[in-house]
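Chains as they are written, first to last, in the numbering used here: chain A, 683 to 967; chain B, 1037 to 1521.
Where a beta carbon is used, it is the ideal one built from N, C-alpha and C, also for glycine.
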Amino acid sequence: MSLHLWYTEEHSKNVRFSIKVSEHLFSGVSEFQKIDVFDSIEFGRFLTIDGLMMLTEKDEFIYHETIVHTPMAVHPDPKNILVIGAGDGGVIRELTRYDIVENIDLVEIDEMVIEASKKYLPQTACKFDDQRVNVYIQDGLKYVRTKNNEYDLIIVDSTDPIGPGEGLFTREFYGNCFKALKDDGIMVNQHESPFYNDTKLAMQRAHKRIKESFPIAKVYQAHIPTYPSGYWLFGFASKNYDPIEDINKSKWSKLGLTTKYYNLDLHIGSFALPNYVKELLNQNE
Amino acid sequence: MKMDQRRMPIYQALENLKTKRIVPFDVPGHKRGKGNPDLTNFLGEKCLAVDVNSMKPLDNLCHPTSVIKEAEELIADAFGAASAFLMVGGTTSSVQTMILASCKPGDKIILPRNVHRSVINALVLGGATPIYVNPQYNEELGLALGMNVDDIKKTIDAHSDAKAIFVNNPTYYGICSNLKEIINYAHSKNILVLADEAHGTHLYFHNALPGAAIKLGADMAAVSMHKSGGSLTQSSVLLLGKQVEQSYVRQIINLTQTTSGSYLLLSSLDISRKNLALNGSNIFSKVINMTEYARQEINNIGGYYAFSKELINSDSVYDFDQTKLIVNTLGIGLTGHEVYDYMRDEYDIQIEFGDLGNILAYISVGDRHLDLERLVGALAEIKRRHQKSRIFMPPFAGYMNPEVILSPQKAFYSKKESVKLEESIGKVSGEYLMCYPPGIPIISPGELISKDIVETIKYEKSIGAQITGTQDMNVNYINIIKEVL
Ligand SMILES: Cc1ncc(COP(=O)(O)O)c(C=O)c1O
């Protein structure tokens, strides 16, 4: 191993983000994408797909707590949950902390992501053997197409909308999710960043498409240091629960879950968006 | 295939030319792009560098003797034809060449009424007289089918002086007539068989697909390499059988062909032919698998009907091209036009076309499974959000034996006037009028307008059929021939 190995990602054509790598643990090319796992001094192990950062051991808690606990504190009875993407296992790790959850279906298109995560990222891929978890290796768009009125919550933990994640940013996908949810269902999704141009357009399009399918479509935010610009958005779409008005604070507090990032004040605050983001969301494409 | 199909003589000649760094003091004036930076930026230097004029090492499309000649021989070899021409005026130019080469002014040509406009235009250009055969029609699906062999035999018997018969192989909708039978019968009467294979390039390269015209013995075939063959838009191929004199066909082509044939188009034919010859079977196996998968998934949604070989009936649907993904939408209460619009406007999916009862999604080797999932997902969503009760197709009043008074050419050049529909009975029509679908003309230029025809038009209008073709959008008036020039 070279002493001067750096992982570099272009956050935009003119901006680079680099992490000094201590070891390149895994590299594989699946039918869909190139998957790598590195080790580093600053961020611990990290997973990249097609040269884009998916997670690091140091900051993944922010992403996973934000995408899971936010809807879980709102839905009164989240028993049956569908997770799309998320082959690294982080979403499942957070979900399995809730006793109320009876069933988790995880649909990941690329088995290699799961295999590599189980082997090299035990910090996130630690709950695949929970009895409530069922793994389906399938295209997410295809999977939801056949589901009707089944899930309380759908979590869309997708890659960017270029490559195999493309179908998960389309109107047909959001519409199919709407159909797969029960009458009081919630869908949350990875919603890209408003900051750089490429992700900004994807973010606007996703919001437009979600609004067309769900009566309630809100956007919330978190600070994720290793994603482009460090500022990331999430979508909260639902058939009738409002993420702020319908939050059940005392119930969630009583669960006594310890979290590193998420708390109930932050939950409320995460929906308070900067003006430029509000403007982008209000603009039609 | 006997020749070395790995060869690409035009491509190779262009590559050689690039390495020679010849100083161009000839046309085109953009001089390998340097004279037009905006265009070069847009299309790329590589592209402009081979946009060159014909010159000795590159041969000449009008009189090929070297690399173009070899490229044409390779095409003939790959398609199993006696000879072949590279065409740069679209399949329109191939279709027109077939007709002009087989019919002199006044000669008869037998053809189905659901032909592409390029065919009728060729009749205007060359002065041939059409003898129409009625394609069959599936009322439930609102779909024009192939021709009955018996109908064709009867027509040939009644017009044994016809010079040619023209057949779609397959139609836009993937439907094939019994071409082998048609060829046998036509040849027994010394009638040439011309095939429009605008939608049939792939038939030459996969065993599981319907028979390709030239392989079945047709005399000429117009093949849209730019559709399923992967070449650039506007490039096409004309194939000849053994009986047709190549030099005469070349003369006909040169009547209307440019003297500045584009080497972009020519090289794209060369490269695509190599790819088809070497990999065609694999490519179309993939396309067939993808289409079959999509068809199954779409039929599982319910309400839609993506039809396939079950339509085969040994006559008007003698065979079906299973690479065609056509979905009948009437079961979910939407017209094909509506589904087409939803797909584009709401789901960012562009499909090939929608008609009253069907949509066609064009599947090729360029598609990915992911994209098929989007297509199927969007159809499922359109059904969920917009489904209505089933639409029943208005019964197509059927086909009336047209009485051809003037050839399309005479009708085209005649003086016309617009009269009320009711007042047109007994007059000769100056324009087309068709119900869409099936897109079969009720009346064509040069045909007698009978009482039955006017009644049919009124009936179709009354049941809300979409009537197109006339200058008057409301079809209250029709152009008739006033004076034959
Ligand atoms: C049946 C048929 N014939 C001929 C043509 C003419 O081909 P081109 O557009 O290449 O001139 C077409 C084009 O769509 C067609 O569908």
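Going by DSSP, what residue range makes up the alpha helix (DSSP H) through Leu1239/B?
Note, Leu1239/B: premise wrong, no alpha helix (DSSP H); not H, not E.
Suppose you measure from the CA of Gly1178/B to the CA of Gln1332/B; what does that come to, to the nearest Å?
21 angstroms
List the whole-angstrom C-beta distance separating Ser920/A from Ile898/A, where the pair is believed to meet the contact cut-off of C-beta under 8 angstroms.
5 angstroms
For Asn871/A versus Gly917/A, is the C-beta spacing smaller than 9 angstroms?
yes
Which of helix, strand or coil does DSSP assign to Cys1212/B?
strand
Looking only at DSSP bridge pairs, what is Ser1119/B linked to?
Leu1276/B
Name, going along the chain, the residues of the stretch 821 to 842 of chain A whose beta-carbon falls closer than 7 angstroms to a beta-carbon of chain B.
Asp821, Leu823, Lys824, Arg827
Give a yes or no on whether 9 angstroms exceeds the smallest Cβ distance from Ile1337/B to chain A.
yes
By alpha-carbon positions, which one of Ile1476/B, Ile1493/B, Val1464/B, Tyr1495/B ends up nearest to Gly1482/B?
Val1464/B
Measure the C-alpha to C-alpha separation of Arg1043/B and Glu848/A and round it to an integer number of angstroms.
38 angstroms
Skipping 5 residues on each side, what residues in its chain have a beta carbon closer than 8 angstroms to that of Leu1228/B?
Ser1138, Lys1199, Ala1200, Ile1201, Ala1222, Asp1255, Met1256, Gln1279, Val1280
Using a Cβ cut-off of 9 angstroms, pull out every chain B residue sitting near Lys890/A, in sequence order please.
Those within 9 angstroms of Lys890/A in chain B number zero; the least Cβ separation is about 11 angstroms.
With a cut-off of 8 angstroms on the beta carbons, I'd call Thr1371/B and Ile1324/B a contact; round off their distance for me.
The pair is not a contact, with the Cβ atoms about 28 angstroms apart (cut-off 8 angstroms).
Cβ neighbours of Glu1439/B in the same chain (closer than 8 angstroms, five flanking residues each side left out)
Glu1483, Leu1484, Ser1486
Neighbour list for Val1412/B in chain A, Cβ cutoff strictly below 9 angstroms:
Leu823, Lys824, Arg827, Glu854
So within the stretch 1350 to 1381 of chain B, which uninterrupted beta strand (DSSP E) runs reach at least 3 residues, ignoring any that extend past its ends?
1360 to 1364
Given a cut-off of 9 angstroms, decide if Val783/A and Lys627/A are closer than it, judged by their beta-carbon atoms.
This structure gives no information on residue 627/A, because the portion of chain A shown stretches from 683 to 967.
Under 9 angstroms, do Phe855/A and Leu823/A count as touching if we go by C-beta distance?
yes
Beta-carbon separation (whole angstroms), His746/A vs Arg779/A, contact threshold 8 angstroms
About 11 angstroms separates the two Cβ atoms, so there is no contact after all.
In three-state DSSP terms, what is Glu1175/B?
coil
Among residues of its own chain, excluding the 5 on either side of Thr690/A, which ones have a beta-carbon nearer than 6 angstroms to its beta-carbon?
Arg698, Ser700
For Ala1248/B and Thr881/A, I'd like the C-alpha separation in whole angstroms.
48 angstroms
Ala807/A in three-state terms, based on DSSP
coil
Just the Cα atoms here: how many angstroms apart are Ser1443/B and Gly1142/B?
8 angstroms
Does Leu1122/B get closer than 9 angstroms to chain A when you measure Cβ to Cβ?
no
Mind checking Pro1148/B: buried by the 16 CB within 10 Å criterion, or exposed?
buried
Would you call the stretch 1297 to 1314 of chain B and the stretch 1336 to 1348 of chain B touching, i.e. three or more CB-CB distances under 8 angstroms?
no
Do you know how far the Cα of Val773/A is from the Cα of Asp718/A?
20 angstroms
Can you find a heavy atom of ligand 1 that lies under 8 angstroms from the Cβ of Gly1210/B?
no
Only counting the same chain, and skipping five residues up and downstream in sequence, which positions put a Cβ closer than 6 angstroms to that of Ile744/A?
Ala904, Ile906, Tyr943
Ser694/A - DSSP class collapsed to helix/strand/coil
strand
Ordered list of beta strand (DSSP E) runs contained in the stretch 712 to 761 of chain A, each at least 3 residues:
716 to 722, 728 to 731, 734 to 738
If we define contact as Cβ-Cβ less than 9 angstroms, is Pro910/A a contact residue for chain B?
no
If you follow the alpha helix (DSSP H) that Gly867/A is part of, which residue opens it and which one closes it?
No alpha helix (DSSP H) holds Gly867/A; the beta strand (DSSP E) holding it covers 863 to 872.
Residues of chain A with CB under 7 angstroms from Ala1416/B, in chain order?
Arg827, Asn858
Going along chain B in order, which residues have a C-beta closer than 9 angstroms to the C-beta of Gly968/A?
Beyond the ends of chain A as shown, which are 683 and 967, falls residue 968/A; an answer cannot be given.
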